[in-house]
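Trainee: Submitted below is the structure of interest, expressed as structure tokens.
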Ligand SMILES: [Zn+2]
Ligand SMILES: [Zn+2]
């Protein structure tokens with residue numbers, strides 16, 4: 356499909372702004388579209404869980420409470436895989452096609468936006484300046500302590516919120532069954548299913564994803580230095596860099612997310628866990644699977660490199676918003692506004708459609724009120740109309756049967 360508004364690449368410069376499907380859909384290995392796990396994935400899933408436990412142990416320390424909590428969650432999700440999908444022993448993909456692992460790292464290295472490198476540069480520069488000015492009162496230890504406190508305050512605050520959401524789901528578990536039974540999720544949630552187990556599985560998915568996601572931030576706090584003296588300047592620089600980074604977020608996300616569904620190794624080891632649990636706020640941690648969050652926060656998201664106060668504020672806003680933007684079972688807390696459900700199609704993606712790959716928002720549509728558009732006036736065009744990138748790159752149709760079904764369910768149950 357010829358993309359509208361496509362611009363020719365200038366010697367590869369800013370290559371990802373060209374909206375060229377050949378660039379966004381580039382694969383070195385075979386294309387294998389995936390949205391769910393099968394029992395034949397058991398050994399790959401087991402290896403992925405073992406790697407997640409290893410990341411937790413090496414990052415937090417093998418006996419750190421965060422690592423131990425993570426091991427328990429790893430064991431729980433592995434048992435859940437066996438219970439929910441079964442076991443079939445086949446040669447793992449990572450053994451059959453080890454080259455796909457190399458390709459995966461190549462994709463990861465080629466995709467980051469320029470502002471990611473600027474954020475890393477600011478952190479390195481701050482550390483060089485601290486090293487060359489040892490007599491200035493940087494209060495590095497105090498900053499590290501504040502950072503660690505903020506990291507765990509963030510985790511506990513979101514976990515309390517997630518736990519409140521858990522109780523709302525448990526209280527209305529028959530409604531969860533009734534609604535999901537009318538959608539593609541009926542293969543998972545039916546009259547014989549233990550819905551309580553599905554709800555706890557979603558909760559554990561969210562908790563484990565969150566612990567793994569925070570590991571890069573923990574490592575930066577442990578090994579990098581932040582200066583109290585430089586705080587005002589670094590704070591302003593971080594905010595500036597983040598605003599600029601957000602302008603290109605949808606293009607980065609489309610490419611990374613497309614790989615998460617079309618490169619089989621990325622689905623099995625990175626993104627698949629985000630789609631293995633019911634489409635609820637319980638699962639959400641800034642749109643990541645277990646290991647996916649760890650890799651993204653190391654190789655593409657600049658947030659872990661920011662001053663701890665900026666990192667705390669942005670991570671908390673990001674994770675809380677993502678939790679609220681994944682409550683696709685209507686009538687259950689935290690309820691998404693109906694106008695948002697009409698304008699956001701990430702729900703369509705969680706109800707069985709592989710598209711949209713991008714953020715999937717479209718405010719510029721017929722029938723949207725000027726007041727609603729005004730509420731998005733300060734949101735960058737690339738985010739508030741991110742759905743247009745999917746329409747250009749893969750022919751995504753905004754008016755589609757899955758979205759219509761979701762809206763029907765929301766109109767019926769969202770009271
Ligand atoms: Zn996805
Ligand atoms: Zn999602």
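Numbering (this note's numbering), first residue to last: 356 to 770. Glycine is no exception: its CB is placed at the ideal position from the N, C-alpha and C atoms.
(1) Run through DSSP, which three-state label would residue 716 get?
(2) Using CA atoms only, rank isn't needed, just tell me which of 652, 559, 753 and 674 is closest to residue 424.
(3) Which of the three DSSP states is assigned to residue 584 in this structure?
(4) Listed in chain order, which residues are found with a beta carbon closer than 6 Å to a heavy atom of ligand 2?
(5) Do residue 670 and residue 509 have their C-beta atoms within less than 9 Å of each other?
(6) Pairing CB atoms from the segment 594-613 with CB atoms from the segment 673-687, are three or more of them under 8 Å?
(7) Just to confirm my understanding: we take residue 383, look at its own chain, exclude 5 residues before and 5 after, and list those with CB closer than 6 Å. What are they?
(8) Are there 16 or more other CB atoms within 10 angstroms of the CB of residue 636, so buried, or fewer, so exposed?
(9) Given 8 Å as the limit, tell me if residue 742 has its C-beta closer than that to any heavy atom belonging to ligand 1.
(10) By DSSP, does residue 646 sit in helix, in strand, or in coil?
(11) Compare the C-alpha of residue 526 against each of 554, 652, 378 and 453 and name the closest.
(12) Would you call the CB atoms of residue 535 and residue 544 closer than 9 Å?
(13) Any idea if residue 348 is buried or exposed, counting beta-carbon neighbours within 10 angstroms, 16 or more meaning buried?
(14) For residue 340, tell me which candidate among 587, 606, 701 and 582 has the shortest Cα-Cα distance.
(15) Judging by CA-CA distance, which residue of 398, 614, 433 and 754 is the nearest neighbour of residue 387?
(16) I'd like to confirm something about residue 425: is its beta-carbon nearer than 8 Å to some heavy atom of ligand 1, or not?
(17) Between residue 436 and the rest of its own chain, which residues show a CB-CB distance below 6 Å, the 5 nearest in sequence each way excluded?
(18) Over the uninterrupted alpha helix (DSSP H) stretch that includes residue 625, give me the two end residues.
(19) Should the segment 645-653 be called in touch with the segment 610-627, which here means at least 3 C-beta pairs below 8 Å?
Mentor: So, from the data block:
(1) The residue given as residue 716 occupies position 361 in the chain shown. Three-state result, residue 716: strand.
(2) Taking the first residue of the chain shown as position 1, residue 424 is located at position 69. It is 559.
(3) As a position in the chain shown, residue 584 is number 229, starting the count at 1. Note: residue 584 maps to coil in three-state DSSP.
(4) 629, 642, 681, 701 and 705
(5) For the purposes of this step, residue 670 is taken as residue 315 along the chain shown, with counting starting at 1. For the purposes of this step, residue 509 is taken as residue 154 along the chain shown, with counting starting at 1. Contact: yes.
(6) no
(7) Numbered from its first residue, the chain shown carries residue 383 at position 28. Same-chain partners within the cutoff: 458.
(8) The sequence position of residue 636 within the chain shown is 281, counting from 1. With 16 or more other Cβ atoms within 10 Å, it is buried.
(9) Counted from its first residue, the chain shown places residue 742 at position 387. Result no, Cβ not under 8 Å from ligand 1.
(10) Position 291 of the chain shown holds residue 646. In the structure shown, residue 646 sits in a helix (DSSP, three-state: H, G or I).
(11) As a first step, residue 526 is located in the chain shown; it is residue number 171 there, counting from the start. Nearest of 554, 652, 378 and 453 to residue 526, Cα basis: 554.
(12) Position 180 of the chain shown, counted from the start, is the residue given in the question as residue 535. Position 189 of the chain shown, counted from the start, is the residue given in the question as residue 544. Yes.
(13) Outside the shown range of the chain, which is 356 to 770, sits residue 348, and nothing can be said about it.
(14) No information on residue 340 is available, as it lies outside the stretch 356 to 770 that the chain covers here.
(15) Reading the chain shown from its first residue, position 32 is the one you call residue 387. Residue 614 is the option with its Cα nearest to residue 387.
(16) Within the chain shown, the letter at position 70 stands for residue 425. For ligand 1, not one heavy atom lies less than 8 Å from the Cβ of residue 425.
(17) Taking the chain shown and counting its residues from 1, the one referred to as residue 436 is at position 81. Taken in chain order, the residues that qualify are 400.
(18) The sequence position of residue 625 within the chain shown is 270, counting from 1. Counting along the chain, residue 625 falls outside any alpha helix (DSSP H), and DSSP gives it neither H nor E.
(19) yes
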